[in-house]
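Student: Structure below; questions to follow.
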Amino acid sequence: MMEQWFGTMQAAGVRPDVVTYSTLLKGYAREGNMAKCQYFYDQMVANRVKPNVLPTSRRSKTFSTLMDACANGDGDMAMMEQWFGRMQAAGVRPNVITYSTLLKGYAREGNTAKCQYFYDQMVANRVKPNVQTFSTLVDGCAASGNTVLMEEWFGKMQAAGVAPNEVTYNTLLKGHAKKGNTARCQHWYD
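Sequential numbering from 208 applies to the sequence shown in my numbering.
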């Protein structure tokens, strides 16, 4: 359906722009179809359409979409890092969304070393982590049953002056409940 629309648009003489390509990329990313994402990204580059390079909060939107597809779809972390590298090679500076996407992918697979690596890189590049960043890290630890590291990330969150939200607290409860640690559940509930 998306490709039909794209073909109709081109047949009518409308030249695809960054919004057109970003829409296609987002649609295929949601489907987890990385082959189509790659194809349309290559088309975008071949047609000299630059990825979204807008004011800082949305600066890396095109690449974050592609990276998120890797983190959510088949969990292809190597491909996710390739997109991260391409983004930097294109001169697009990573932002909190980009780093949080990397962290989400590695947290989901329980790769705490990569989470720490990209968190450290984020801080070194003066990108301020937010509640989503830390909640992602806490959730990754909860999912893998590492409640000690889960609480360490929560401590780092507090030390960074980032206020936890309901998602963060529910994740702490979930992590301890999964391990049967009712005392810690009670601690976080109170």
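Ideal placement from N, C-alpha and C gives every residue a C-beta, glycine not left out.
The structure presented is a predicted model; accordingly, all values stated were derived computationally and were not measured.
Please report the straight-line C-alpha distance between V334 and S271, rounded to a whole angstrom.
Tutor: So the two alpha carbons sit approximately 15 angstroms from each other.
Student: May I ask you to verify whether the stretch 295 to 303 touches the stretch 273 to 286, counting CB pairs closer than 8 angstroms and requiring at least 3?
Tutor: When Cβ pairs closer than 8 angstroms are counted between the two stretches, the stretch 295 to 303 is seen not to touch the stretch 273 to 286, the count staying below three.
Student: Within 10 angstroms of the Cβ of M357, are there 16 or more other Cβ atoms? Answer buried if so, exposed if not.
Tutor: Only buried fits M357, as 16 or more other CB atoms lie within 10 angstroms of its CB.
Student: Nearest CA to the CA of R391: which residue from K363, L232, A349 and F341?
Tutor: A349
Student: Would you report the Cα separation of N372 and Q365, rounded to the nearest angstrom?
Tutor: 12 angstroms
Student: Measure the CB-CB distance between T305 and M286 and report whether it falls below 8 angstroms.
Tutor: no
Student: Throw me the rounded Cβ distance for the P336 and A367 pair, which I believe falls under 8 angstroms.
Tutor: 6 angstroms between Cβ atoms; contact.
Student: According to DSSP, is D249 part of a helix, a strand, or is it coil?
Tutor: D249: helix per DSSP, three-state reduction.
Student: Distance check for T378 and S342, CA to CA, integer angstroms please.
Tutor: 8 angstroms
Student: When you compare only the Cα positions, how much space is there between N254 and C244?
Tutor: 15 angstroms
Student: Roughly how far, in whole angstroms, is the beta-carbon of T354 from the beta-carbon of G317, given that I think they are within contact range, below 8 angstroms?
Tutor: T354 to G317, Cβ: 13 angstroms. No contact.
Student: What ranges does the alpha helix (DSSP H) occupy inside the stretch 286 to 366, keeping only unbroken runs of at least 4 residues that lie completely in it?
Tutor: 303 to 315, 319 to 331, 338 to 351 and 354 to 366
Student: Can you tell me where the alpha helix (DSSP H) holding D397 begins and where it ends?
Tutor: Note, D397: premise wrong, no alpha helix (DSSP H); not H, not E.
Student: Taking only beta-carbon positions, decide if W360 is within less than 8 angstroms of chain B.
Tutor: In the structure shown, chain B cannot be found, because there is only a single protein chain.
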